[in-house]
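*Asks:* Take this structure, written in structure tokens, and hold onto it; I'll ask about it next.
Protein chains: 2
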Amino acid sequence: MGKQSYTIVEDGGVTTPRGFKAGGLHCGLKKTERHDLGVIVCEVPASAAAVYTTNLFQAAPLLVTREALANGGALRAVVVNSGNANACTGAQGEADARTMQANAAEALGVSKDQVAVASTGVIGELLKMDRVNAGIEKLPGRLRSDEQGSDDFCQAILTTDLVKKTSCVTLTVGGKQVTIAGAAKGSGMIHPNMATMLGFVTTDAKIGSPLLQEVLREVTNVSFNMITVDGDTSTNDMLVAMASGLADNSELTRGHPDFAAFVDGLRHVCTELAKAIARDGEGATKLIETTVVGADDDEAAQAIAKTIIGSSLVKSAVYGADANWGRIIAAVGRAGVPVNVDTVDIRLGDIVVLEQSRPVVFDEEIALEYLKGDTVGIHVDLNMGSGKATAWGCDLTYDYVRINAAYRT
Amino acid sequence: MGKQSYTIVEDGGVTTPRGFKAGGLHCGLKKTERHDLGVIVCEVPASAAAVYTTNLFQAAPLLVTREALANGGALRAVVVNSGNANACTGAQGEADARTMQANAAEALGVSKDQVAVASTGVIGELLKMDRVNAGIEKLPGRLRSDEQGSDDFCQAILTTDLVKKTSCVTLTVGGKQVTIAGAAKGSGMIHPNMATMLGFVTTDAKIGSPLLQEVLREVTNVSFNMITVDGDTSTNDMLVAMASGLADNSELTRGHPDFAAFVDGLRHVCTELAKAIARDGEGATKLIETTVVGADDDEAAQAIAKTIIGSSLVKSAVYGADANWGRIIAAVGRAGVPVNVDTVDIRLGDIVVLEQSRPVVFDEEIALEYLKGDTVGIHVDLNMGSGKATAWGCDLTYDYVRINAAYRT
């Protein structure tokens, strides 16, 4: 990636880019007194883009958000609830998502065609719309453009996530300072639910909606799409981006001299959020980062990196701080892409464990110390071509089983 | 499948079909005094067939067995060790597998081109050939044609499997009694290893090697290939079938009036072994049987059944006796095949939980009781076509994590 073209903003959040306010409150969908309704608002119509879950069963909010984005590609707001996914809820669920959209639009004084909706939580139960509606009425009074607004929003989208997930960078586009920020939630459980990923990106860059859509897709493929907690794809996964344009930069195009810098910055934000989701996976004690190089092409490298990071055996071994390269090479061999079986190198951090597909004697004590750390790197070099990829995941622990084996009642 | 065309032989094993002896002993590859070397011998050259792991990293014994089978399709013996997989062992590993083959042939007085070799256990370590060779010399003295011979063999192929796995049926082919039997091992751990499946089928049916190969492949696709313990595919998976022909039936062809009965019997043996492997999966407390009907075709049904049975969230929920249909429908939706999202029915045993993709109110107490049983059925009807499939797996438990997180040292 060469030299870094952006600066990390330590305390930045979705309200840091110019034009955005955000807020959150407790409306009563969660049993405890935690935030469960949040909103991001842009003071101008923002160029918008979104990517959605590939699961065939898509929750009602996704249908409503798709329609909003199809209608000109501009958004003024995104309203989100946690505690109920509004999934598998039929015609009533769709009507409820539309009501959320319309009521948020009215409360915020914007067109309902420019309001996106997202939900996460229990599947198969109808939203308690009286609570949602009462909460939406109060949302305008909670909007803030400072760190607290971003914070309240981040809290409102969590389910059993342990920590808030934000990232923010600034960079220069055509001589103007541009800020990109994001918030995300990851794998939480609210019975009966599965891991849901929601992501929200705000920026003040001036960029058209079609190009933002292309860039968001490209960046998603190397960030959010490269994480695995347990291989399950939710009915509610969604990533929404809004660009206010208030940085007043010369509009970004693929030919813009600072286009690559913008993409780098967006990739940083999305990658940090993705890694935060992986590290905060259910029951996780460690972040696992798998890098595959020397593949025939990037796609082959991605397939292998994701197979390794998705292997229950590899994940269990990392939990146990076990330098178990046999499981890693077995994952390489079943990824479904061609591999030269005689030229594979594997490192755990800096510890070489396999060279040209042959075991290397290594110091077990040093390996144990390394694997006990909170981040474990698995590096595979296929020594074939120049394809490379990185994927992120977490270890498989007793707590994952405990969390997911719990009775819903 | 219509009426059952075979009779189950309760205490039958690989030595029950005419012409077979088997045995096992401890040669010193396992640390404890358990059998770790076994052999099945046929008194005549048996028509033979085999299927192998799809993992690109294939252990040395697989290469040697492939060569033996390519040389006329007849086998007199298969020699197996546990405790060491002879995988990722390079040229020396290949030489060692050939030595096992040659020494077993000499000890048994058969051609080495008619001896198959299989291994399971630690990856990346060379076999202790002095122990293997000494054991092979003693093998002829341990051969028995009774139940004890089958038993000794079954013990010799186990790693951390908890129970021996055998199945046996008889049926009539052209007026003659034909017996089909099998032995298998499943997901065991010997550090650092992954789940390995080895299967061995013996029969006294008269059937040519090419047809046996076709039938074995077809039956494998609906039995061994429909089980999942953790989605990891080993470097050593192998299924070998040997047909002595000593039942003296009119040779089986696809047009033979009892061909379907033979396939049914073979399917029963392979399915029973496959289910036994799933039930005995690492840490498993339950067998999960997933049936999908009403799919566009059998392949679509297979894809969905395997996605459900492979879902860590579904497996954890079954461990926790949680009637979590949300995770099941989410797995249906990400299986990669077309599904009508409005017409899905789901039952847990006889308990209807989803009808036409809408939740059904059910008695949670009754569901809990059902899910606490040692076998859990998940039935999905897509209400689209006539495609159907069944897959087997096990729950995901604390013990799976414990077993697989254990330090290798």
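These protein sequence lines are chains A and B, in that order.
So the first sequence is residues 2 to 410, counted in the numbering used here.
So the second sequence is residues 2 to 410, counted in the numbering used here.
In this text, a Cβ means the ideal position worked out from N, Cα and C, and glycines have one as well.
(1) Assign Glu34 (chain B) to buried or exposed, taking buried as 16 or more other Cβ atoms, counted over all protein chains shown, within 10 Å of its Cβ.
(2) Using DSSP bridges, identify the partner residues of Ile41 (chain B).
(3) If we require 3 or more residues per run, which beta strand (DSSP E) segments fall completely within the stretch 238-289 of chain A?
(4) Applying the 10 Å Cβ sphere with the 16-neighbour rule, what's the burial state of Ala108 (chain A)?
(5) When you compare only the Cα positions, how much space is there between Thr272 (chain A) and Asn237 (chain A)?
(6) Can you tell which of A:Ser245, A:Leu172, A:Glu138 and A:Arg335 has the C-alpha that lies nearest to the C-alpha of Pro258 (chain A)?
(7) Please tell me whether Thr410 (chain B) has its Cβ less than 9 Å away from any Cβ of chain A.
(8) Looking at chain A, is there any beta carbon in it that lies within less than 9 Å of the beta carbon of Val1 (chain B)?
(9) Ignore the nearest five residues each way along the sequence and tell me which others in Val118 (chain B)'s own chain have a CB closer than 7 Å to its CB.
(10) May I ask you to report which of helix, strand or coil DSSP gives Ile305 (chain A)?
(11) Have a look at the DSSP bridge pairing and note the partners of Pro360 (chain A).
(12) In the DSSP assignment, find the unbroken beta strand (DSSP E) run with Leu383 (chain A) in it and report its ends.
(13) Of all Cβ atoms in chain A, is any one closer than 9 Å to the Cβ of Gly110 (chain B)?
(14) List the residues of chain A whose Cβ lies closer than 7 Å to the Cβ of Ser358 (chain B), in chain order.
(15) What are the boundary residues of the alpha helix (DSSP H) that Cys155 (chain A) is part of?
(16) Taking all protein chains shown into account, do 16 or more other C-beta atoms lie within 10 angstroms of the C-beta of Asp364 (chain B), making it buried, or fewer, making it exposed?
(17) Who are the near neighbours of Ala135 (chain B) in its chain, counting only those whose CB is closer than 7 Å to its CB and skipping five residues on each side?
(18) At a CB-CB cut-off below 8 Å, which residues of chain A make contact with Asp298 (chain B)?
(19) Alpha carbon to alpha carbon, how far is His1 (chain B) from Lys276 (chain A)?
(20) Report yes if the CB atom of Gly246 (chain A) is closer than 9 Å to the CB atom of Asp281 (chain A), and no otherwise.
(21) Here's a check: name, in chain order, each residue in its chain whose Cβ is nearer than 7 Å to the Cβ of Arg359 (chain A), leaving out the five neighbours to either side.
(22) Let me check understanding here. Comparing Cα to Cα, which of B:Ala86, B:Gly39 and B:Ala105 lies closest to Met198 (chain B)?
(23) With DSSP as the reference, please indicate the residues paired to Gly84 (chain B) in a beta bridge.
(24) Locate the alpha helix (DSSP H) running through Asp1 (chain A), then write down its first and last residues.
(25) Tell whether a beta-carbon distance below 9 Å holds between Ile289 (chain A) and Gly378 (chain A).
(26) Got a sec: is the Cβ-Cβ distance from Tyr320 (chain A) to anything in chain B below 9 Å?
(27) Given a cut-off of 9 Å on the beta-carbon distance, is the pair Leu76 (chain A) and Met243 (chain A) in contact?
(28) Taking the alpha-carbon positions, what's the Pro339 (chain B) to Ile329 (chain B) distance?
(29) Please report the straight-line C-alpha distance between Cys395 (chain B) and Val10 (chain A), rounded to a whole angstrom.
(30) Please report the straight-line C-alpha distance between Asp323 (chain B) and Ala332 (chain B), rounded to a whole angstrom.
(31) Can you list the alpha helix (DSSP H) stretches of 4 or more residues lying completely in the stretch 201-241 of chain B, in chain order?
(32) Does the Cβ of Gly110 (chain A) lie closer than 8 Å to at least one heavy atom of the ligand SAH?
(33) Alpha carbon to alpha carbon, how far is Gly94 (chain A) from Thr203 (chain A)? Give it in angstroms, no decimals.
(34) Measure the C-alpha to C-alpha separation of Thr229 (chain B) and Val319 (chain A) and round it to an integer number of angstroms.
(35) Might you give, ordered along the chain, the residues of its own chain that have their beta carbon closer than 7 Å to the beta carbon of Asp12 (chain B), omitting 5 neighbours on each side?
(36) Please tell me whether Val52 (chain A) has its Cβ less than 9 Å away from any Cβ of chain B.
*Replies:* For this structure:
(1) The residue in question, Glu34 (chain B), is exposed, as its Cβ has fewer than 16 Cβ neighbours within 10 Å.
(2) Bridge partners of Ile41 (chain B): B:Ala23 and B:Val79.
(3) With a minimum length of 3 residues, the continuous beta strand (DSSP E) runs that stay inside the stretch 238-289 of chain A are 239-244.
(4) Burial call: buried.
(5) Distance between the alpha carbons of Thr272 (chain A) and Asn237 (chain A) is about 20 Å.
(6) It is A:Leu172.
(7) Only weak support is given to the placement of Thr410 (chain B): the predicted model assigns it a pLDDT of 38, under 50, and the question is left unresolved by the model.
(8) Outside the shown range of chain B (2 to 410) lies residue 1 (chain B), about which nothing can therefore be said.
(9) Exclusion of the five residues before and after Val118 (chain B) leaves Pro62, Val65, Thr66, Val80, Ala98, Met101 and Gln102 as the residues of its chain whose Cβ lies within less than 7 Å of its Cβ.
(10) Here Ile305 (chain A) carries a helix assignment [DSSP, helix/strand/coil].
(11) DSSP, once it has assigned bridges, lists A:Leu355 as partnering Pro360 (chain A).
(12) Looking at the DSSP string, Leu383 (chain A) is not in any beta strand (DSSP E), and its letter there is neither H nor E.
(13) At least 9 Å separates the CB of Gly110 (chain B) from every CB of chain A.
(14) Those are Cys89, listed as they occur along chain A.
(15) Secondary structure note for Cys155 (chain A): its alpha helix (DSSP H) is the uninterrupted segment Glu148 to Ala157.
(16) Label assigned to Asp364 (chain B): exposed.
(17) Cβ neighbours of Ala135 (chain B) beyond the five flanking positions: Cys28.
(18) Ordered by position in chain A, no residue passes the 8 Å Cβ test against Asp298 (chain B), which lies about 17 Å from the chain.
(19) Residue 1 (chain B) cannot be examined here, being either before or after the span of chain B that is shown, 2 to 410.
(20) Annotated as distal: Gly246 (chain A) and Asp281 (chain A), with beta-carbon spacing of 9 Å or more.
(21) Excluding residues within five positions, none has a Cβ falling inside 7 Å.
(22) Relative to the Cα of Met198 (chain B), the nearest Cα in the group B:Ala86, B:Gly39 and B:Ala105 belongs to B:Ala86.
(23) Within the DSSP secondary-structure output, Gly84 (chain B) pairs in a beta bridge with B:Gly122.
(24) Past the boundaries of the shown model lies residue 1 (chain A); chain A is included only from 2 to 410, so the question cannot be answered.
(25) Result yes, Cβ atoms of Ile289 (chain A) and Gly378 (chain A) sit closer than 9 Å.
(26) Using a CB distance cut-off of 9 Å, Tyr320 (chain A) counts as an interface residue toward chain B.
(27) Yes, Cβ-Cβ distance for Leu76 (chain A) and Met243 (chain A) is below 9 Å.
(28) Using only the alpha carbons, I get a separation of about 16 Å.
(29) So the alpha carbons of these two residues sit roughly 47 Å apart.
(30) If you draw a straight line from the Cα of Asp323 (chain B) to the Cα of Ala332 (chain B), it is about 16 Å long.
(31) Complete alpha helix (DSSP H) runs here, min 4: 210-223.
(32) The ligand SAH is absent from the structure shown, which contains no ligand whatsoever.
(33) Going by the C-alpha atoms only, they are around 28 Å apart.
(34) Thr229 (chain B) and Val319 (chain A): Cα-Cα distance of roughly 21 Å.
(35) Excluding sequence neighbours, Asp12 (chain B) sits near Glu148.
(36) Using beta-carbon distances, Val52 (chain A) does not count as an interface residue toward chain B, since no partner is under 9 Å.
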